[in-house]
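S.K.: Starting off with a structure, shown below.
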């Protein structure tokens with residue numbers, strides 16, 4: 343395997359995860375979709391030191407003739423609310439319309455006349471916000487932080503632009519999202535959110551739909567080719583637990599050790615990938631000596647009533663080292679657990695059916711089964 347080019351910007355993994363607005367917008371609607379995001383937040387609370395939530399809200403619209411994107415800042419006097427399925431349906435029924443007028447004085451809003459510069463049917467109308475989750479949290483929940491990422495440095499802006507250009511030529515992505523302008527809006531959002539993650543050394547948690555958009559990069563005719571493997575990890579299934587229980591489980595020694603081990607393995611994966619070493623051999627050794635033991639201790643926790651199987655995915659390609667975590671599903675019983683944990687499960691990730699979102703240090707828990 344060739345060494346990673348030194349010109350690629352690189353920030354070591356920090357053990358933190360970032361939940362952006364745009365790349366979770368599809369699932370930030372009341373009902374089971376927002377419940378899935380909540381489950382990812384709870385699992386992330388066990389596997390990461392800090393969970394960063396993007397503050398405020400956005401309005402994302404796109405259709406055959408155009409797209410618009412508006413950001414609304416955090417307003418403590420007007421609590422943000424999740425979009426409802428009915429509200430999303432109503433939003434799609436109205437056209438996208440953008441009008442502008444000339445200002446008469448600096449700093450004074452224009453009064454008209456207004457001229458319409460965009461008019462389109464609406465294919466998507468999303469109003470994502472993560473702020474309602476913060477109101478659910480107990481005072482002891484000090485690891486979840488609401489805020490805004492800083493501006494990207496120039497090298498990460500160039501990386502973002504590179505991903506956008508590559509995705510414009512991606513046949514797999516065109517099949518997934520046929521409308522060009524809608525696809526372009528999704529690509530812009532995902533590329534920016536992943537670049538933010540790369541710049542901070544954060545994993546990035548996206549919803550299933552955006553995971554498929556990003557995962558299309560690894561299809562057979564995609565513009566990025568990579569190779570790697572997946573290590574099975576046992577984690578408690580905590581989606582149905584309340585936040586007080588999450589806080590208690592998070593402090594258990596076995597969970598703290600698992601977090602530390604996952605960070606060690608991430609760091610080793612990056613060192614090996616960037617030096618052009620044997621990634622599979624290194625990760626096999628790390629799994630045998632670290633991950634299996636730490637994960638097995640988690641499985642023996644009496645406070646964890648049910649377990650799930652996660653994958654620690656590592657790989658390299660197209661100049662990027664790759665790590666991430668994905669919760670796959672429940673473990674049916676001790677027999678299944680033994681099979682998962684005693685075998686070495688190395689699986690290639692360059693298959694369209696996997697539809698994961700692994701580029702750089704970016705994407706963490708792509709989907710958590712509620």
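Numbering (this note's numbering), first residue to last: 343 to 712.
C-beta atoms are modelled at their ideal positions from N, C-alpha and C, and glycine is treated no differently.
Cα-Cα, which of 511, 390 and 401 is closest to residue 422?
M.R.: 401
S.K.: From 353, 396, 506 and 427, pick the residue whose C-alpha is nearest to that of residue 532; which is it?
M.R.: The shortest Cα separation from residue 532 among 353, 396, 506 and 427 belongs to 506.
S.K.: Please state the DSSP three-state secondary structure of residue 394.
M.R.: In the three-state reduction of the DSSP assignment, residue 394 falls in the strand class.
S.K.: Mapping DSSP to helix, strand and coil, what is residue 462?
M.R.: strand
S.K.: Would you kindly report the start and end of the unbroken alpha helix (DSSP H) that includes residue 533?
M.R.: Bounds of the alpha helix (DSSP H) holding residue 533 are 522-542.
S.K.: With residue 405 and residue 438 assumed to form a contact (beta carbons below 8 angstroms), what rounded beta-carbon distance in angstroms separates them?
M.R.: 6 angstroms
S.K.: With respect to the beta strand (DSSP E) encompassing residue 440, which residues constitute its N-terminal and C-terminal limits?
M.R.: Going by DSSP, residue 440 is part of the beta strand (DSSP E) stretching over 438-442.
S.K.: Please classify residue 358: does DSSP put it in a helix, a strand, or coil?
M.R.: strand
S.K.: Answer with buried or exposed for residue 456, where buried requires no fewer than 16 other C-beta atoms within 10 angstroms of its C-beta.
M.R.: exposed
S.K.: Could you check the C-alpha separation between residue 472 and residue 447 for me, to the nearest Å?
M.R.: If you take the alpha carbons of residue 472 and residue 447, they lie about 36 angstroms apart.
S.K.: With a threshold of 8 angstroms, are at least 3 pairs of Cβ atoms found where one atom belongs to the stretch 468-484 and the other to the stretch 519-535?
M.R.: Contact check between the stretch 468-484 and the stretch 519-535: fewer than three CB pairs, one atom from each, fall below 8 angstroms, which does not count as touching.
S.K.: Do you know offhand how far residue 380's Cα is from residue 450's?
M.R.: 41 angstroms
S.K.: Using the beta-carbon count (16 or more within 10 Å), is residue 384 buried or exposed?
M.R.: Residue 384 is buried by the Cβ-count criterion.
S.K.: Kindly give me the distance between the Cβ atoms of residue 592 and residue 387, rounded to whole angstroms, as I take these residues to be in contact under 8 angstroms.
M.R.: 6 angstroms
S.K.: Would you give the residue range spanned by the alpha helix (DSSP H) that residue 504 belongs to?
M.R.: 496-510
S.K.: Which residues does DSSP list as the beta-bridge partners of residue 545?
M.R.: The beta-bridge partner set that DSSP reports for residue 545 consists of 359.
S.K.: Roughly how many angstroms lie between the CA atoms of residue 372 and residue 411, to the nearest whole one?
M.R.: Residue 411 has its alpha-carbon roughly 21 angstroms from the corresponding atom of residue 372.
S.K.: Can you check which of these residues, 355, 357, 353 and 361, is closest to residue 553 by C-alpha distance?
M.R.: 361
S.K.: Check each candidate in 494, 558, 537 and 485 and name the one with the smallest Cα separation from residue 586.
M.R.: That would be 485, whose Cα lies nearest to the Cα of residue 586.
S.K.: Could you tell me the distance, in whole angstroms, from the CA atom of residue 558 to the CA atom of residue 367?
M.R.: 18 angstroms
S.K.: Is it true that the CB of residue 425 sits closer than 7 angstroms to the CB of residue 469?
M.R.: yes
S.K.: Applying the 10 Å Cβ sphere with the 16-neighbour rule, what's the burial state of residue 657?
M.R.: Reliability of the predicted coordinates at residue 657 is poor, the pLDDT of 42 falling under 50, and no value is obtained from them.
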